[in-house]
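A quick write-up on the structure given underneath.
Number of protein chains: 2
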Amino acid sequence: MKNIRPKLIELFKQGYCTPQIARIARTISEASATIHYNIKKLETEGAIRTYKAVFDYKNIGEGFCVYLFVKLTSKAGADPDTIVTEIARYGEVESADLLAGEWDMILKVRTKDQDDYYDLLKAILAREGVEKTSSLISLKQVKAEFVLL
Amino acid sequence: MKNIRPKLIELFKQGYCTPQIARIARTISEASATIHYNIKKLETEGAIRTYKAVFDYKNIGEGFCVYLFVKLTSKAGADPDTIVTEIARYGEVESADLLAGEWDMILKVRTKDQDDYYDLLKAILAREGVEKTSSLISLKQVKAEFVLL
DNA sequence: TGGGTGTCTGAATGATGTTCAAATATCAAA
DNA sequence: TTTGATATTTGAACATCATTCAGACACCCA
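See the structure below:
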């Protein structure tokens, strides 16, 4: 047994998918070459970043979902942009946005359970430049990545 | 000119993509049929919900991103689950989660600009069962749908 | 009206997904 | 350890699809 599954999940989280040109052509009754032309245009324009899979996160062991607010220290220890980008790089982070107001950023985080979340939270709090955080646990995920669950 | 672009964006938001089996097989040095077998298994297990595109939302006219908190009225006018599901159905809503605490749900919403957002907000506030809302505007999107921007 | 650019299309080709039967691996019960 | 039932892997054959290209067509502006 080669345990391909985790490798596939890893690859599909960011890409390794492609449009179904023939199916789209049938769906909207256009020539296959026309669809191809328009998709390539979207890609070269930069409108499409990637093609990827959307998972049933409970099924792949990432059923615990939290919105995490982060406040950075005001004094210039490290560059805020650098900190934010580094935190966003964690594999558990689905999305990261900068805010104005009481909190500097909001993260959407997915882990297996509360214990794994606590480990990640400790790692983030330990970072230079992070002052405090606040966690908002999702009780039920109704929609994610534009897909109804 | 047939204006295929918006139709493609519509379709790609939820699906009409498929895995690149041959590329994956080359990447992790396995037989193509093996990859095919494992992907089908993931699909029948329900681990994969769909394959879709991730956009540069600024590019497709959805550059304005807001986290919207919603508090529902406690009195039983309409079923909370129904309201939540209906609100989640708006095309502008990327994600919707139920919360515990001061707010009942958090939405991630994408619109072209502030004006369009205001229209959507009015529509949501006008709904039976919605008591109040609070909007948190994203100043900068660092990561979305597991993809760094 | 005319030319330049962008878009659409059918047909040919090369690449890819899919299927299948056989080989191999896994695991639990005897 | 052996056995058998089940799950996984694999190469080869086949069906389907993405891609390319040249020509037709549409659009825009001077």
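Residue numbers (the working numbering), protein chains in the order written: chain A, 1197 to 1345; chain B, 1197 to 1345. Quick reminder that beta carbons are idealized off the backbone N, C-alpha and C, glycines included. Nothing here was measured: the structure is a model prediction, and the numbers come from that model.
Roughly how many angstroms lie between the CA atoms of E1327/B and V1266/B, to the nearest whole one? Walking along the second sequence from the start, residue 1327/B turns up at place 131. Walking along the second sequence from the start, residue 1266/B turns up at place 70. Each residue's alpha carbon lies about 8 Å from the other.
Taking the alpha-carbon of L1335/A as reference, which of T1269/A, A1319/A, K1318/A, Q1310/A has the nearest alpha-carbon? For the purposes of this step, residue 1335/A is identified with residue 139 of the first sequence, where counting begins at 1. A check of alpha carbon separations from L1335/A across T1269/A, A1319/A, K1318/A, Q1310/A identifies Q1310/A as the nearest.
Is there a C-beta anywhere in chain A that falls below 9 Å from the one on V1338/B? Position 142 of the second sequence, counting from 1, holds the residue named residue 1338/B. Residue-level contact check: V1338/B touches chain A, since one or more beta carbons of chain A fall below 9 Å from its beta carbon.
Strictly under 9 Å for the Cβ-Cβ distance: is I1320/B near chain A by that measure? By 1-based counting over the second sequence, the position of residue 1320/B is 124. Output row for I1320/B: interface = no.
Put L1345/B into one of helix, strand or coil per three-state DSSP. Here residue 1345/B is taken as the residue at index 149 of the second sequence, counted from 1. Residue state, collapsed to three classes: coil.
Can you name the start and end residues of the beta strand (DSSP E) that Q1337/B belongs to? By one-based count along the second sequence, residue 1337/B stands at place 141. For Q1337/B, the enclosing beta strand (DSSP E) starts and ends at 1326-1340.
What are the residues that DSSP puts in a beta bridge with A1249/B? Here residue 1249/B refers to the residue found at position 53 when the second sequence is read from its first residue. A1249/B pairs with Y1247/A.
Neighbouring residues, chain A, relative to P1276/B (Cβ below 7 Å): Counted from its first residue, the second sequence places residue 1276/B at position 80. Ordered by position in chain A, no residue passes the 7 Å Cβ test against P1276/B, which lies about 11 Å from the chain.
Taking CB distances under 9 Å as the criterion, tell me whether Y1247/B reaches chain A. Taking the first residue of the second sequence as 1, we reach residue 1247/B at position 51. With 9 Å as the cut-off, Y1247/B counts as an interface residue toward chain A.
Run the proximity test for F1265/B: is its beta-carbon closer than 8 Å to any non-hydrogen atom belonging to the ligand GDP? Looking at this structure, you won't find the ligand GDP or any other ligand, since it has none at all.
Which ranges would you report for the beta strand (DSSP E) in the region 1250-1293 of chain B if only whole runs of at least 3 residues count? Here the runs fully enclosed are 1260-1268.
Is the Cβ of S1228/A closer than 9 Å to any Cβ of chain B? Within the first sequence, numbered from 1, the residue matching residue 1228/A stands at position 32. Not one chain B Cβ lies under 9 Å of S1228/A.
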